[in-house]
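Trainee: The structure that follows is given in the form of structure tokens.
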Amino acid sequence: MSTDIEKLDDHHHIPSGIMRWITTTNHKDIGTLYLWFSLIMFFIGGAMALVIRAELFQPGLQLVVPGFFNQMTTLHALVMIFGAIMPAFVGLANWQLPLMIGAPDMALPRLNNWSFWILPFAFTMMLSTLFFESGGPAAGWTLYPPLSLQGGDSMPFVILSIHLFGLSSILGAINIIATILNMRAPGMNLMKMPIFVWTWLITAFLLLAAMPVLAGAVTMLLTDRFFGTSFFTASGGGDPVMFQHIFWFFGHPEVYILILPAFGIVSTIIPTFSRKKLFGYDSMVYATVSIALLSFIVWAHHMFTVGMPLAGEIFFMFTTMLIAVPTGVKVFNWVATMWKGSMTFETPMLFAIAFIVLFTIGGFSGLMLAMVPADFQYHDTYFVVAHFHYVLVPGSLFGIIAAVYYWLPKWTGKMYDETLGKIHFWLTTIFVNLTFFPMHFVGLAGMPRRIPDYAIQFADFNAIASIGAFGFGLSQLLFLYILLKTLKKDVTAKDKVWEGAEGLEWTLPSPPPYHSFEKPPRVE
Amino acid sequence: MNKNMKKTYYLLTIFTVFMFSFSYMLVPLYDIFCEVTGLNGKTNQTKVSVINEQPTERFVKIKFTSTVANSAPFIFEPVNKEMNVQVGKIYTTFYTLTNNSNKIKYATASPSVVPSQDAEFFKKIECFCFSQQEINAFETKELPLQFIINNELRNETKTLVLSYTMFNTTEQAGLNSENKIYE
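Chains as they are written, first to last, in this note's numbering: chain G, 1 to 524; chain W, 525 to 707.
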């Protein structure tokens, strides 16, 4: 390894032009690519969400035909989960992990380049299905057979793109694990690692365990449709319910893939602006590990109404509720970190605090959904939509936005506009609640999800949610403006941007040199 | 590349390949799990031989229902909608299947028992659902079913529902046997 690094040392110049980005093996460049890609996907998926909310502004069918509405709900989910949230976390990992553990780069730089450049092809292919005569995928992102087997020509394209971005995630995860396990600065043992590194290590293992299962499930769909197998075709002795089991065996670890890195980000930001050490570092690590392990034995709570033996329902109900324990440990640790701290409320801190409050609301509605008898009523209603948007938008997304505000001055050496950042925060937080809170009410009253029309009594809350969604979407244009404005500024940021910040990345200049930590730092 | 790093890559790659194979291993595992728990009301799909079954004093009601999947051109109905049967005794009943189209068709039936916990005690000795049925244009066929209720049936069970779904498998039949001529 050491000889390889010395060879790289020779060229300190930064290549320029478009080829810099296509051929780059630099973890900072690749991190930047991932983050821009996910921002573009975020706006594409957001536009789809606005089509959905525009249609649902009033009862009746106004703007789109039901078939297209179904394509929007399906693609909105696929784009946001696999195109926006996951690549954004991988981008943050690329930028931060080497800086935080004192490594010169990721362990497999060439592979790193590949795992990014697969993504634009995968999503171009997936989105191109919208222009097919038979339209895009419309069976929901969960691709349940038999409906997904009856779709148009989009189906094989969507499955191939799932294979591609799954491959990208797996390669990324291997790279991240190899980096964390083998390239830490001397003296940094596992229990001294920054908490963000810990959460990403566990997330990467979840990715390795879950993504191949998704690949297997969609491959079975593909062979059922085109090669005469009968994994899920009842007429050939298969069982469509089995798909749901295999899918959610992937799907539940997946939801923790979407949230654990955000836990790490919040656990980094809260101590910085409370000017205290993270309360209960060890328990944070153990809580993360137990959440990850539990995530493999709770999958059937997504399908309580499918017809399961009572023993199965009870088992999955209790294991699901058990997850509330390590999650509760985390929430209490964050609150205890803030307790009696000298807190200040810069934009990253505001997003982190909103994360704790709103994610906890999403967690509570999750507990309600965990109860089998209650779930029979909530299943496939807007209550579920409210629940997972509360954990994904003010959860994962707020974590990502907080991280960008927190590390942007480090990455670019330029300070964002604090006033605009705060305005962005308040607009986002108000509108996110305006969008998703009313969904709890219409869901409890029985409004089903994924349907373009609804009964007249749901009209008022839906109108409110639609107004909130457009407000939320437009506020994110302000985020884009803040980013672009920051990039135009001069380099003025200090090395240690935040006075309460701790970690190796703050020992580097802002922005850090193209090749950093060529000689590993010593950790005491 | 040092030794530790190589070892990490190998282990992680093997783990990924294992998890992909695991998704396929879930298929037989699921079937075993269904068989053990009686999940989905799955009944035996091959002939059982009945030894040591003694007729008992106990009677249960069996209801027969039928469904045609995906609006296939079939009329499919039980001859007896309901039977009062003695536990441990062999019975024979029939379903009728009519092909309502002007082409030869292939049909496969898939059975299910409710309550699903009793599925394992509903033993089929002879059933049309064991094989694919070939049926000519506008033909009506009587399909036999021979069964026995195992005397270990749970005490609280008074009624069993046996439901068949008839699938049009003409396309799959075309995939499997190339020499068949349609029309």
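For every residue, glycine included, the Cβ atom is placed at its ideal position computed from N, Cα and C. All figures in this text were calculated on a predicted structure; none of them were measured in a lab.
Run through chain W and tell me which residues come within less than 7 Å of G:His-379, C-beta to C-beta.
Mentor: For G:His-379, there are no neighbours in chain W by C-beta distance under 7 Å, as the nearest C-beta there is about 19 Å away.
Trainee: Taking C-beta pairs closer than 7 Å, name the residues in chain G that W:Thr-528 reaches, listed in chain order.
Mentor: Inspection of the sequence shows that residue 528 of chain W is occupied by Asn rather than by Thr. In chain order: Asn-182.
Trainee: Consult DSSP for G:Asp-9 and reduce its assignment to one of helix, strand or coil.
Mentor: The pLDDT assigned to G:Asp-9 is 47, lower than 50, so where the model puts this residue is not dependable; a value taken from the coordinates is nonetheless given after this. Secondary structure at G:Asp-9: coil, using DSSP grouped into helix, strand and coil.
Trainee: Let me see if you follow: with CB-CB separation under 8 Å, is G:Pro-186 close to chain W or not?
Mentor: Cβ-Cβ to chain W under 8 Å: no for G:Pro-186.
Trainee: Going by beta-carbon coordinates alone, are G:Ile-259 and G:Gly-395 separated by less than 8 Å?
Mentor: Their beta carbons are under 8 Å apart, which means G:Ile-259 touches G:Gly-395 by this criterion.
Trainee: Along chain W, which residues have their Cβ under 9 Å away from the Cβ of G:Val-213?
Mentor: Met-543, Phe-544, Phe-546, Ser-547 and Leu-550
Trainee: Quick check on the DSSP output: what are the complete beta strand (DSSP E) runs of length 3 or more inside the segment 581-642 of chain W, in order along the chain?
Mentor: Runs of the beta strand (DSSP E) lying entirely within the segment 581-642 of chain W and spanning at least 3 residues, in chain order: 583-592, 598-602, 606-610, 614-623 and 629-638.
Trainee: At what residues does the alpha helix (DSSP H) containing G:Pro-212 begin and finish?
Mentor: 195-226
Trainee: Taking the beta strand (DSSP E) that W:Glu-650 falls in, what are its first and last residues?
Mentor: 646-651
Trainee: From the DSSP output, which residues share a beta bridge with W:Asn-667?
Mentor: Position check: residue 667 of chain W holds Leu in this sequence, whereas Asn was assumed. DSSP, once it has assigned bridges, lists W:Tyr-619 as partnering W:Leu-667.
Trainee: For the alpha helix (DSSP H) holding G:Val-289, just list the boundary residues, first then last.
Mentor: For G:Val-289, the enclosing alpha helix (DSSP H) starts and ends at 281-294.
Trainee: For G:Arg-53, count the other beta carbons within 10 Å of its own beta carbon; 16 or more makes it buried, fewer makes it exposed. Which is it?
Mentor: buried
Trainee: To the nearest whole angstrom, what separates the beta carbons of W:Lys-665 and W:Gln-656, a pair I think is in contact under 8 Å?
Mentor: Not confirmed; about 13 Å, so no contact.
Trainee: Which of the residues in the segment 396-426 of chain G, read from start to end, lie with their CB under 7 Å from any CB of chain W?
Mentor: none
Trainee: May I ask you to list, following chain order, the residues of the segment 618-634 of chain W that have a beta carbon less than 7 Å from some beta carbon of chain G?
Mentor: Thr-632 and Ser-634
Trainee: Please report whether the beta-carbon of G:Gly-228 lies at a distance below 8 Å from any beta-carbon of chain W.
Mentor: yes
Trainee: Mind checking which residues open and close the beta strand (DSSP E) that includes G:Glu-254?
Mentor: No beta strand (DSSP E) holds G:Glu-254; the alpha helix (DSSP H) holding it covers 240-257.
Trainee: From the beta carbon of W:Ala-593, is the nearest beta carbon of chain G less than 8 Å away?
Mentor: It does: the Cβ of W:Ala-593 has a partner Cβ on chain G nearer than 8 Å.
Trainee: Quick one, which of G:Asn-333, G:Phe-296 and G:Lys-277 has its alpha-carbon nearest G:Phe-315's?
Mentor: G:Phe-296
Trainee: List in chain order: all unbroken alpha helix (DSSP H) runs of 4+ residues lying wholly within the segment 368-455 of chain G.
Mentor: 372-378, 382-391, 398-412 and 418-444
Trainee: With C-beta atoms as the reference, is G:Gly-102 less than 8 Å away from G:Ala-185?
Mentor: Yes. Within cutoff.
Trainee: Using the beta-carbon count (16 or more within 10 Å), is G:Met-1 buried or exposed?
Mentor: Below a pLDDT of 50, predicted positions are generally treated as unreliable, and G:Met-1, at 43, falls in that range; the measurement from the model is reported next regardless. Its Cβ having fewer than 16 others within 10 Å, G:Met-1 is exposed.
Trainee: Quick check on the burial criterion: 16 or more other C-beta atoms within 10 angstroms. Buried or exposed for G:Ile-118?
Mentor: Under this definition G:Ile-118 is a buried residue.
Trainee: Please determine, among G:Tyr-144, G:Ile-269 and G:Met-155, the residue with the shortest C-alpha to C-alpha distance to G:Phe-232.
Mentor: The shortest Cα separation from G:Phe-232 among G:Tyr-144, G:Ile-269 and G:Met-155 belongs to G:Tyr-144.
Trainee: Is there at least one Cβ from chain G nearer than 8 Å to W:Tyr-615's Cβ?
Mentor: no
Trainee: Indicate whether G:Glu-505 and G:Met-100 have their beta-carbon atoms separated by less than 8 Å.
Mentor: Contact flag set, yes.
Trainee: For G:Gly-307 and G:Gln-377, what's the separation of their Cα atoms in angstroms?
Mentor: Taking the Cα positions, G:Gly-307 is about 14 Å away from G:Gln-377.
Trainee: Classify G:Ile-14: buried if its beta carbon has 16 or more other beta carbons within 10 angstroms, exposed otherwise.
Mentor: exposed
Trainee: For the beta strand (DSSP E) that contains G:Glu-313, what are its first and last residues?
Mentor: Run containing G:Glu-313: none in the beta strand (DSSP E); it sits in the alpha helix (DSSP H), 310-322.
Trainee: Can you tell me whether DSSP reads W:Met-690 as helix, strand or coil?
Mentor: strand
Trainee: Would W:Asn-626 be called buried (16 or more neighbouring beta carbons within 10 Å of its own) or exposed?
Mentor: exposed
Trainee: In whole angstroms, what separates the C-alpha of G:Gly-17 from that of G:Gln-71?
Mentor: 37 Å
Trainee: Counting only Cβ-Cβ distances shorter than 9 Å, please list the residues of the segment 638-662 of chain W near chain G, keeping chain order.
Mentor: Within the segment 638-662 of chain W, the qualifying residues are Ser-640 and Gln-641.
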